[in-house]
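K.L.:
Dropping a structure here in structure tokens format, bear with me for questions.
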Amino acid sequence: MSKNMANNSSSLVDVHWLNDNLGERQLIILDASVPPVVPGYVSINALEENTGKFLAIPGARRFDYDKKVCKPNSTLPHMMPTAELFQAEVRKLGINQDSMVVVYDDVGVYASPRAWWMFRAMGHANIKVLDGGLPAWIEAGLATQDNLETELPSGNFLANFAEEKFCDFNVVLSALEDEQCCILDARSAGRFNGAVPEPRPGVRSGHMPNAKNLPFPEVLDNGHMKSPAKLQKILAPLLASNQKMISSCGSGITACILTLAAELAGHKKLSSYDGSWAEWGAPSKLPVVID
Numbered sequence: 006m007s008k009n010m011a012n013n014s015s016s017l018v019d020v021h022w023l024n025d026n027l028g029e030r031q032l033i034i035l036d037a038s039v040p041p042v043v044p045g046y047v048s049i050n051a052l053e054e055n056t057g058k059f060l061a062i063p064g065a066r067r068f069d070y071d072k073k074v075c076k077p078n079s080t081l082p083h084m085m086p087t088a089e090l091f092q093a094e095v096r097k098l099g100i101n102q103d104s105m106v107v108v109y110d111d112v113g114v115y116a117s118p119r120a121w122w123m124f125r126a127m128g129h130a131n132i133k134v135l136d137g138g139l140p141a142w143i144e145a146g147l148a149t150q151d152n153l154e155t156e157l158p159s160g161n162f163l164a165n166f167a168e169e170k171f172c173d174f175n176v177v178l179s180a181l182e183d184e185q186c187c188i189l190d191a192r193s194a195g196r197f198n199g200a201v202p203e204p205r206p207g208v209r210s211g212h213m214p215n216a217k218n219l220p221f222p223e224v225l226d227n228g229h230m231k232s233p234a235k236l237q238k239i240l241a242p243l244l245a246s247n248q249k250m251i252s253s254c255g256s257g258i259t260a261c262i263l264t265l266a267a268e269l270a271g272h273k274k275l276s277s278y279d280g281s282w283a284e285w286g287a288p289s290k291l292p293v294v295i296d
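Quick note, our numbering runs 5 ahead of the 1-based positions in the sequence shown.
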């Protein structure tokens, strides 16, 4: 591993760093794109569909947590798989214990932070998010290819699931009245307050009691993560340094943008609610507040 790679301790890398390290043996690049469902967010490859083009960063491999690296037969979208399933799928991608993994998506920073947090939860610390994603790569004029790599050697990745990094509704329920916990909801203010209906049929409007709202676009700047200093300023009124943060959203994707933001701001006690509002807002006895 080059000195340039070894010295990067941040969870973010920029496109120039990635381009400089493309030839490194231990570097694995993953495309973790998921079609955006949030209004105003569009993927580069969705725009290219009409022309028949597909764009990828050279050497990238597909990490599909929406359909493959997820809990099978779940009624909820892209739920965390077992360590065994995760390990098997990641090995198919040629990922090893000593691999440095860089994950990106074709929106900017949208779906990639969940992939980052999945790897962190499965015990792989050497995982980075490409700041700005594929749009930033293209904007920088860097080379692309028209396919993802599929003929790959088997890796030796070992998964060790730290389950507290992805919590279930029971953990969230017990955290509602716990002053040591802060639940941050990444959905829009309208959805959080109950003024705007949920996009999923049958899902209730509103939010969890005592949850706080931080719409995920507020931690982004033109498709890039804001600086650690700006993130600290944004989070300071919401999250104390000694509190555990539980992030939530519509289905567990943009919640992880808040998890990444908190990590970049220096917070250590982090968890994401896996089922998020798709689970909590479904018809049940779980408490919901409308402002």
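We put the beta carbon where it would ideally sit given N, CA and C, even for glycine.
1) If we call anything under 8 angstroms between Cβ atoms a contact, is residue 109 one with residue 49?
2) Within the region 42-88, note down every full beta strand (DSSP E) run reaching 3 residues or more, in order along the chain.
3) Which word fits residue 86, buried or exposed, when buried means at least 16 other C-beta atoms lie within 10 angstroms of its C-beta?
4) Just the Cα atoms here: how many angstroms apart are residue 176 and residue 281?
5) Pull up the DSSP beta-bridge partners for residue 108, would you.
6) By how many angstroms is the C-alpha of residue 24 removed from the C-alpha of residue 288?
7) In three-state DSSP terms, what is residue 143?
8) Assuming residue 3 contacts residue 191 under a Cβ cut-off of 8 angstroms, what Cβ separation, rounded to an integer in Å, is found between them?
9) Given residue 193, which residues of its chain have a CB within under 6 angstroms of its CB, disregarding the five upstream and five downstream residues?
10) For the region 66-80 and the region 90-103, state whether three or more C-beta atom pairs, one from each stretch, are separated by less than 8 angstroms.
11) What's the C-alpha gap between residue 261 and residue 57?
12) Among residues of its own chain, excluding the 5 on either side of residue 197, which ones have a beta-carbon nearer than 6 angstroms to its beta-carbon?
13) Check this for me: beta carbons of residue 297 and residue 162, under 8 angstroms apart or not?
14) Closer than 8 angstroms by C-beta to residue 302: which residues in its own chain qualify, once you throw out the five before and the five after it? Chain order, please.
15) List in chain order: all unbroken beta strand (DSSP E) runs of 3+ residues lying wholly within the region 176-238.
16) For residue 26, is the classification buried or exposed, using 16 other Cβ atoms within 10 angstroms of its Cβ as the cut-off for buried?
17) Quick one, are the C-beta atoms of residue 279 and residue 257 less than 8 angstroms apart?
18) So, helix, strand or coil for residue 273, using DSSP?
19) State the Cα-Cα distance for the pair residue 44 and residue 181, rounded to the nearest angstrom.
20) What's the call for residue 188, buried or exposed, on a 16-neighbour Cβ count within 10 Å?
21) Of the residues 152, 284 and 246, which one's Cα is nearest the Cα of residue 255?
22) Could you tell me the distance, in whole angstroms, from the CA atom of residue 30 to the CA atom of residue 294?
23) May I ask which residues mark the beginning and end of the alpha helix (DSSP H) holding residue 281?
24) Return the Cβ separation of residue 113 and residue 146 in integer angstroms, given the expectation that the two are a contact with Cβ distance under 8 angstroms.
25) Give the DSSP-derived three-state secondary structure of residue 150 in the structure shown.
26) Rounded to the nearest angstrom, what separates residue 242 and residue 222 at their Cα positions?
27) Suppose you measure from the CA of residue 267 to the CA of residue 244; what does that come to, to the nearest Å?
28) From residue 78 to residue 89, what distance separates their C-alpha atoms?
29) Please state whether DSSP places residue 170 in a helix, a strand or coil.
P.N.:
Let's see:
1) Residue numbering aside, residue 109 sits at position 104 when the sequence shown is read from its first letter. Residue numbering aside, residue 49 sits at position 44 when the sequence shown is read from its first letter. In this structure, the beta-carbon distance from residue 109 to residue 49 does not fall below 8 angstroms.
2) With a minimum length of 3 residues, no continuous beta strand (DSSP E) run stays inside the region 42-88.
3) Within the sequence shown, numbered from 1, the residue matching residue 86 stands at position 81. Label assigned to residue 86: buried.
4) As a first step, residue 176 is located in the sequence shown; it is residue number 171 there, counting from the start. As a first step, residue 281 is located in the sequence shown; it is residue number 276 there, counting from the start. Between the C-alpha atoms of residue 176 and residue 281 there is a straight-line separation of about 12 angstroms.
5) Position 103 of the sequence shown, counting from 1, holds the residue named residue 108. As DSSP reads the structure, residue 108 sits in a beta bridge with 35 and 134.
6) The residue given as residue 288 occupies position 283 in the sequence shown. The residue given as residue 24 occupies position 19 in the sequence shown. Cα to Cα, the separation comes out at about 48 angstroms.
7) Position 138 of the sequence shown, counting from 1, holds the residue named residue 143. It is helical.
8) Any question about residue 3 goes unanswered here, given that the chain covers just 6 to 296.
9) Taking the sequence shown and counting its residues from 1, one reaches residue 193 at position 188. Here the set comprises 220.
10) The region 66-80 is in contact with the region 90-103.
11) Stepping through the sequence shown from its first residue, residue 261 is reached at position 256. Stepping through the sequence shown from its first residue, residue 57 is reached at position 52. If you take the alpha carbons of residue 261 and residue 57, they lie about 31 angstroms apart.
12) As a position in the sequence shown, residue 197 is number 192, starting the count at 1. Cβ-Cβ distances below 6 angstroms link residue 197 to 190, 212 and 218 in the same chain, with the five nearest sequence neighbours on each side left out; the list follows chain order.
13) Lying outside 6 to 296, the shown extent of the chain, residue 297 is not represented and no answer is given.
14) Outside the displayed span of the chain (6 to 296) sits residue 302, for which this structure offers no information.
15) As far as the region 176-238 is concerned, its whole beta strand (DSSP E) runs of at least 3 residues are 186-190.
16) Mapped onto the sequence shown, residue 26 falls at position 21. For residue 26, the number of other beta carbons within 10 angstroms of its own is at least 16, and it is reported as buried.
17) As a position in the sequence shown, residue 279 is number 274, starting the count at 1. As a position in the sequence shown, residue 257 is number 252, starting the count at 1. Yes, the Cβ-Cβ distance between residue 279 and residue 257 is below 8 angstroms.
18) One-based indexing of the sequence shown puts residue 273 at position 268. Residue 273 falls in the coil class under three-state DSSP.
19) Your numbering for residue 44 matches position 39 in the sequence shown. Your numbering for residue 181 matches position 176 in the sequence shown. Each residue's Cα considered, the two are about 29 angstroms apart.
20) Position 183 of the sequence shown, counted from the first residue, corresponds to residue 188. Its Cβ being crowded by 16 or more others within 10 Å, residue 188 is buried.
21) Along the sequence shown, one-based indexing puts residue 255 at 250. The shortest C-alpha to C-alpha distance from residue 255 to any of 152, 284 and 246 is the one to 284.
22) Here the question's residue 30 lines up with position 25 in the sequence shown. Here the question's residue 294 lines up with position 289 in the sequence shown. Taking the straight line joining both Cα atoms gives about 51 angstroms.
23) The residue given as residue 281 occupies position 276 in the sequence shown. Annotation: the continuous alpha helix (DSSP H) that includes residue 281 extends over 281-285.
24) As a position in the sequence shown, residue 113 is number 108, starting the count at 1. As a position in the sequence shown, residue 146 is number 141, starting the count at 1. About 17 angstroms; that fails the 8 angstroms criterion.
25) For the purposes of this step, residue 150 is taken as residue 145 along the sequence shown, with counting starting at 1. Reduced to three states, the DSSP call for residue 150 is strand.
26) Counting from 1 along the sequence shown, the entry for residue 242 is found at position 237. Counting from 1 along the sequence shown, the entry for residue 222 is found at position 217. Taking C-alpha positions only, residue 242 is separated from residue 222 by approximately 17 angstroms.
27) Numbered from its first residue, the sequence shown carries residue 267 at position 262. Numbered from its first residue, the sequence shown carries residue 244 at position 239. Going from the Cα of residue 267 to the Cα of residue 244 covers about 9 angstroms.
28) The sequence position of residue 78 within the sequence shown is 73, counting from 1. The sequence position of residue 89 within the sequence shown is 84, counting from 1. Approximately 16 angstroms between the Cα atoms of the pair.
29) Against the sequence shown, residue 170 aligns to sequence position 165. Helix at residue 170.
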